Structures are given as C-alpha cells and as structure tokens.
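Trainee: Sharing a structure, written as structure tokens. Questions coming.
Numbering (my numbering), first residue to last: 0 to 142.
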C-alpha cells in the first residue's frame, strides 16, 4: 500500500477530479518552457506517457497549437488500482508566434516524453549591418 502525506498534492488531485479530464472542447493545459537559443526559439512541452501518434501540431497564420491525448493504460481483469494521480484526457496549448519567426521551418522532436519545437528566426528579423555609401557630390544647406 502506498501512503502519501503531501496535502497540496491531494488538493491538486481533488481539483482535477472536480474539473474532470481534459476533452477536445475543454482541454487541460500542459507544462512548457520557452526560450531563445541562438537564431531560434525553443519550446519544450512535458508529455510523459503520451505516445507520439497521439500528438497533433499545427500552425495557422501565427497561432501554434499543440494537442496531445493521454489514454488509460489497458488493465487486466485481476488489476486493482491503488492510486491514480497521472492525469488522462486531452491536453492542449496555443501560442501566438511573432511575425519575426519562420513558421515554414519548424522542427519537432519527441524524446523521453518531451516534445521540443525549434522555430527559426526569419532572415528579415535578424540584425544586419547596413553599409554607408560615400557620395562624391555633397551639398551644403545654408539658411
């Protein structure tokens, strides 16, 4: 038998029971990190226990949507659940991407329950040097 004494974890479990599992019309949020690394933005989502075929990623204009579904594990008839804390259902996250990102070249990798998206910065948004031309005819303005 497993015993637990963390009261905050129990409150989280109760809140989840009240709201129920995520559905396609009302998905639960998924934890994520977002940061800039060199010339790209990296967004990492924690999705442990979600198979790769249960992930859906799409971009429409500048809205990135990630959806995932964690399904219940098939149980044998002789299995009695003692403790169930891992949330099931639909998870979703939408992120508005800046116009300075190249949404045509997003790379997605999924490893060890972490979905990592790499979004390159568009060439037009990268800092660049502007050369200064020196002309032969300077005009002086007098007033």
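Yeah, the Cβ is synthetic: ideal placement off N, Cα and C, and Gly gets one too. In this text, all values refer to a predicted model and were calculated from it rather than measured experimentally.
Quick check on the DSSP output: the beta strand (DSSP E) that includes residue 42 runs from which residue to which?
Mentor: Run containing residue 42: 39-45, per the beta strand (DSSP E) assignment.
Trainee: Under 8 angstroms by Cβ, that's how I've got residue 118 and residue 39 pegged, so tell me the actual separation to the nearest angstrom.
Mentor: 6 angstroms between Cβ atoms; contact.
Trainee: For residue 23, count neighbouring C-beta atoms within 10 Å of its own C-beta (all shown protein chains included) and say buried if the count is 16 or more, exposed if not.
Mentor: Below a pLDDT of 50, predicted positions are generally treated as unreliable, and residue 23, at 49, falls in that range; the measurement from the model is reported next regardless. Looking at its Cβ environment, which holds fewer than 16 other Cβ atoms inside 10 Å, residue 23 is exposed.
Trainee: Do you know whose CA, among 124, 96, 53, 115, lies nearest residue 60's CA?
Mentor: Ranking 124, 96, 53, 115 by Cα distance to residue 60 puts 96 first.
Trainee: Among the candidates 46, 107, 86, whose CA atom is the shortest distance from the CA of residue 63?
Mentor: Per the Cα distances, 107.
Trainee: So, residue 31 versus residue 42, is the Cβ gap smaller than 9 angstroms?
Mentor: Yes, the pair counts as a contact, with Cβ atoms nearer than the cut-off.
Trainee: Buried or exposed for residue 27, going by 16 or more other Cβ atoms inside 10 Å?
Mentor: Buried, because 16 or more other Cβ atoms sit within 10 Å of the Cβ of residue 27.
Trainee: Relative to the C-alpha of residue 84, which candidate in 76, 71, 129, 78 has its C-alpha closest?
Mentor: That would be 71, whose Cα lies nearest to the Cα of residue 84.
Trainee: Using only the alpha-carbon positions, how far apart do residue 51 and residue 109 sit?
Mentor: Each residue's alpha carbon lies about 7 angstroms from the other.
Trainee: So, with DSSP's three-state summary, where would you put residue 84?
Mentor: In this structure, residue 84 counts as coil in the three-state DSSP scheme.
Trainee: Can you tell me the Cα-Cα spacing of residue 90 and residue 115, whole angstroms?
Mentor: Spanning the two alpha carbons is a distance of roughly 16 angstroms.
Trainee: Pull up the CB-CB distance for residue 48 and residue 112, whole angstroms please, since I reckon it's below 8 angstroms.
Mentor: Right, the Cβ-Cβ distance comes to about 7 angstroms (below 8 angstroms), so this counts as a contact.
Trainee: Where do the N-terminal and C-terminal ends of the beta strand (DSSP E) with residue 75 fall, by residue?
Mentor: Premise fails: residue 75 is in no beta strand (DSSP E) and is neither H nor E.
Trainee: Output yes or no for whether 9 angstroms exceeds the beta carbon distance between residue 58 and residue 44.
Mentor: No, they are not a contact pair.
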